[in-house]
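Data first, discussion second: the structure below is written as structure tokens.
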Amino acid sequence: MTAVLAKAPPRQSYDGNSISTTTTTTTTTSTRFHGLPLSRFRARRGHPSTSSSASGSEPSSPPSEAGVAVGGPQSSAADSPSRKKTQKMPFRQRMARHFGDSLTPEKAHLSYYDVLLTVEDIKSLKNDWLTDNNIAFWEEYLERETLPRYPQARIVLLRPSMTFLLMKEPDIRHVRSALPNFSKATHVFLPINDNRNVGVAEGGSHWSLLLVSILDGSAFHYDSLGGSNYAEANHATRKLAEVVGRPLRFINLDDSPQQENGSDCGVFVCLLMRHLLVKRLLSASAREKVSMSMAGKMVDSNGGRKEMLRIIENLRKEGERRRS
Numbered sequence: 001m002t003a004v005l006a007k008a009p010p011r012q013s014y015d016g017n018s019i020s021t022t023t024t025t026t027t028t029t030s031t032r033f034h035g036l037p038l039s040r041f042r043a044r045r046g047h048p049s050t051s052s053s054a055s056g057s058e059p060s061s062p063p064s065e066a067g068v069a070v071g072g073p074q075s076s077a078a079d080s081p082s083r084k085k086t087q088k089m090p091f092r093q094r095m096a097r098h099f100g101d102s103l104t105p106e107k108a109h110l111s112y113y114d115v116l117l118t119v120e121d122i123k124s125l126k127n128d129w130l131t132d133n134n135i136a137f138w139e140e141y142l143e144r145e146t147l148p149r150y151p152q153a154r155i156v157l158l159r160p161s162m163t164f165l166l167m168k169e170p171d172i173r174h175v176r177s178a179l180p181n182f183s184k185a186t187h188v189f190l191p192i193n194d195n196r197n198v199g200v201a202e203g204g205s206h207w208s209l210l211l212v213s214i215l216d217g218s219a220f221h222y223d224s225l226g227g228s229n230y231a232e233a234n235h236a237t238r239k240l241a242e243v244v245g246r247p248l249r250f251i252n253l254d255d256s257p258q259q260e261n262g263s264d265c266g267v268f269v270c271l272l273m274r275h276l277l278v279k280r281l282l283s284a285s286a287r288e289k290v291s292m293s294m295a296g297k298m299v300d301s302n303g304g305r306k307e308m309l310r311i312i313e314n315l316r317k318e319g320e321r322r323r324s
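Note that UniProt numbering numbers the sequence shown so that position 49 is 49, with each residue one more than the last.
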């Protein structure tokens with residue numbers, strides 16, 4: 001199995017990185033442990049090939065022979081918006097229309113529960129910018145394969161499209177109606193993209209990761225390109241605070257692992273998400289202090305890409321066996 005996270009040479013780390021898992025008091029960069037599955041849309045795309053460091057809604061028709069279905073039923077036809085322009089389209093339909101109308105069945109590669117990966121998504125995963133579909137698939141996979149082993153966990157893996165909605169929709173009532181119920185959630189993972197133009201579905205140039213501890217009122221930001229997404233992550237924190245009805249303290253972690261090229265930010269988001277979920281939150285005992293710092297960790301982005309591709313191809317083969 002590919003080792004995608006490893007220890008880096010020793011470096012100075014922060015003081016006060018931990019909190020008790022039995023209280024709500026926090027001191028800088030840590031949280032308490034404990035997923036509510038979620039839904040999807042589609043944005044695009046990763047980021048440019050400069051030194052700068054979006055989940056797919058299902059088509060109303062089934063995938064063609066090029067796509068392999070794995071998992072539960074696809075979303076209902078009610079989720080697919082009309083292509084006709086109307087004066088007052090319902091909010092969910094407007095968002096779905098913005099994120100997903102261009103997806104065509106003949107481009108399908110793998111249908112996995114609420115995510116449809118296309119041939120273009122697979123090409124991106126091999127050596128290019130990660131798409132929102134790539135990240136949405138990874139979250140879906142963690143929800144289906146990892147979180148069920150921890151039935152007491154109350155961790156939300158918010159899809160890129162839902163994070164986009166949270167950040168861009170001005171009416172908080174519409175946001176609350178579209179997002180999951182956070183009343184029992186302890187932590188929320190949010191993929192952050194710097195797309196600032198609601199009218200551009202394929203906008204954005206950088207991915208980063210925001211991990212919010214609702215229990216402790218803290219939001220930890222992991223950015224593989226310094227503070228490139230600082231403003232976006234801070235904004236998402238403020239918007240989520242409105243939704244959950246409590247203040248959240250934004251903490252930008254300067255010791256986050258850094259990418260060495262212009263195309264790995266999405267891979268960093270996926271690998272850091274799994275590490276923080278499995279190795280930190282889900283592995284902590286009830287009274288253990290959990291550090292949220294990633295100081296001293298290195299990310300093998302190439303190995304991560306290969307592992308994700310291997311998982312996808314294994315699921316595709318499994319789907320083919322079921323159909324035969």
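A virtual CB, placed ideally from N, CA and C, is assigned to each residue, including glycine.
According to DSSP, residues forming a beta bridge with residue i
i	result
P257	In DSSP, P257 forms no bridge with anything.
A219	V212, F250
I135	Answer by DSSP bridge pairing: none, since I135 is not bridged.
K163	Residue identity differs from the one stated: residue 163 is Thr in this sequence, not Lys. According to DSSP, T163 bridges with nothing at all.
L117	L110
Given residue i as reference, the closest of the options once Cα atoms are compared
i	options	result
V244	L253, L166, G296, T118	L166
D114	I122, E139, E120	E139
L179	E242, T118, Y230	E242
R249	T163, R238, C270, K297	R238
K184	R173, M162, S213, G203	S213
residue 327	P191, V299, T131, S224	Given that the chain is displayed from residue 1 to residue 324, the structure contains no residue 327 and the question cannot be resolved.
L125	R316, E318, S301, S324	S301
Y222	S177, H275, N197	H275
G226	D128, D264, P257	P257
I135	Y150, T118, S228	T118
I311	T186, F137, N127	F137
V188	K168, R149, R159	R159
V299	L240, D264, K289	D264
H235	D216, L215, R196, F268	R196
K297	L271, L209, K107, T186	L271
Q259	R316, M273, E318, S208	S208
residue 327	L116, A108, E169, D128	Shown here, the chain extends from 1 to 324; a query on residue 327 therefore has no answer.
M292	F164, S285, K279	K279
A295	K107, S224, E145	S224
M273	K107, K317, Y141	Y141
Local Cβ density within 10 Å of residue i, reported as buried at 16 or more and exposed below that
i	result
S205	buried
Q152	exposed
R322	exposed
R246	exposed
A231	exposed
D194	buried
D254	exposed
S324	exposed
N133	buried
E110	Before going on, a small fix: residue 110 reads as Leu here, not Glu. Under this definition L110 is a buried residue.
R173	exposed
N229	buried
L281	buried
L130	buried
N181	exposed
R149	exposed
S218	buried
K314	Checking the displayed sequence, the identity of residue 314 turns out to be Asn instead of Lys. Exposed: under 16 other Cβ atoms inside 10 Å.
D171	exposed
E288	exposed
N252	buried
E143	buried
L210	buried
Where residue i sits in the DSSP three-state scheme
i	result
V278	helix
A108	strand
P148	helix
W129	coil
L271	helix
L157	strand
L240	helix
S291	strand
L315	helix
R305	helix
N-terminal and C-terminal residue of the beta strand (DSSP E) that residue i is part of
i	result
K174	Here residue 174 turns out to be His, not Lys, going by the sequence shown. Note, H174: premise wrong, no beta strand (DSSP E); alpha helix (DSSP H) at 172-178.
N193	187-193
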